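Its first residue numbered 1, the sequence shown is counted upward by one per residue in UniProt numbering.
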Amino acid sequence: MAATGAGSERDGERAKARILDSAEELFYARGVQAVGMDAVRSAAGVSLKRLYQLFPAKERLVEEFLRRRDHAWRDALVRYADARPTPRARLLAVFDWLYQWFAEPDFRGCVFINCFGELGGTSQPVAKAARDHKEAVRAYLGELTTATGVAAPQQLASQLALLAEGAITTAALSGSADSAREGRVAAEVLLNAAGVREQGAAHCND
Numbered sequence: 001m002a003a004t005g006a007g008s009e010r011d012g013e014r015a016k017a018r019i020l021d022s023a024e025e026l027f028y029a030r031g032v033q034a035v036g037m038d039a040v041r042s043a044a045g046v047s048l049k050r051l052y053q054l055f056p057a058k059e060r061l062v063e064e065f066l067r068r069r070d071h072a073w074r075d076a077l078v079r080y081a082d083a084r085p086t087p088r089a090r091l092l093a094v095f096d097w098l099y100q101w102f103a104e105p106d107f108r109g110c111v112f113i114n115c116f117g118e119l120g121g122t123s124q125p126v127a128k129a130a131r132d133h134k135e136a137v138r139a140y141l142g143e144l145t146t147a148t149g150v151a152a153p154q155q156l157a158s159q160l161a162l163l164a165e166g167a168i169t170t171a172a173l174s175g176s177a178d179s180a181r182e183g184r185v186a187a188e189v190l191l192n193a194a195g196v197r198e199q200g201a202a203h204c205n206d
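Laid out in structure tokens, this is it:
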């Protein structure tokens, strides 16, 4: 019985992963409201009964897919940026990573903003997932700006987060990755003004 139970649990985990994979692909490409649960079921290769056993409501599916996407997105960004030798280089690498993301053929903008635009006004869990993602990204930038030694690291982090957010929106609307490069140039201006040099330390101007 224990082995049977473990096998059933693994089957459930695999089915859940397929559902989330399918939901992410469909919701990102078409939008949440344009994709019904039957389309997700079909793409995932599960029965509608099984789908609703794992996700009793579409809102639950959207929330969980956003949470999973958040972790994957930030993990990829952090791995890329943290490979750089200094806090300044890591901060600028954020925009290099964005450029690579924008250049992907299936780029459709920020899925968190997209979902917030569709459901944020009526779904508190979806709105919270979107806000939590944005705050987590800003917090990571805050860690990097704090490491530079600037006097107001959180203010600088918020400014850089706004640059990144603007670059994402512009790339989605324009269909061009150039906004990441432009955001990087603007980020360099902010870092220079704050006295953050190549070695990552802040230098006072007085």
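Built from N, CA and C at the ideal position, the CB exists for glycine as well.
As the structure is a prediction and not an experimental result, all values here were calculated from the model.
Outcome for residue 14 when other beta-carbon atoms lying within 10 angstroms are tallied against a minimum of 16: That one is exposed.
Contained alpha helix (DSSP H) runs [length at least 4] in the segment 52–125, N- to C-terminal order: 58–82, 87–102, 111–119
Which two residues bound the contiguous alpha helix (DSSP H) that contains residue 41? 37–44
Looking only at its own chain, which residues have a Cβ that is under 8 angstroms from the Cβ of residue 183, when we skip the five neighbours before and after it? 95, 98, 163, 164, 166, 167
Could you tell me which of 84, 62, 35 sits nearest to residue 128, measuring between CA atoms? 62
8 angstroms Cβ cutoff met for residue 190 and residue 160: yes
Delimiting residues of the alpha helix (DSSP H) encompassing residue 33: Neither: residue 33 is in no alpha helix (DSSP H) and is coded neither H nor E.
Closest Cα partner of residue 130 within the set 110, 141, 140: 110
Note down the Cα distance separating residue 76 from residue 46, rounded to an integer number of angstroms. 29 angstroms
With H, G and I counted as helix, E and B as strand and the rest as coil, what does DSSP make of residue 137? Helix at residue 137.
C-alpha distance - residue 72 paired with residue 180, whole-angstrom precision: 20 angstroms
To the nearest angstrom, how far is the alpha carbon of residue 105 from that of residue 40? Cα to Cα, residue 105 sits roughly 22 angstroms from residue 40.
With residue 188 as the anchor, note down where its alpha helix (DSSP H) starts and where it stops. 178–193
Just tell me which of 196, 30, 188, 36 has its CA closest to the CA of residue 114. When C-alpha distances from residue 114 are compared across 196, 30, 188, 36, the shortest belongs to 30.
With a CB to CB cut of under 7 angstroms and the five nearest residues on each side skipped, what residues in its chain are close to residue 177? 99, 102, 103, 171
Rounded to a whole number of angstroms, what is the C-alpha to C-alpha distance between residue 52 and residue 64? 14 angstroms
Between the Cα of residue 124 and those of 188, 59, 79, 49, spot the shortest distance and give me the residue it belongs to. 59
Using a threshold of 8 angstroms, state whether the C-beta atoms of residue 66 and residue 107 are closer than that. no
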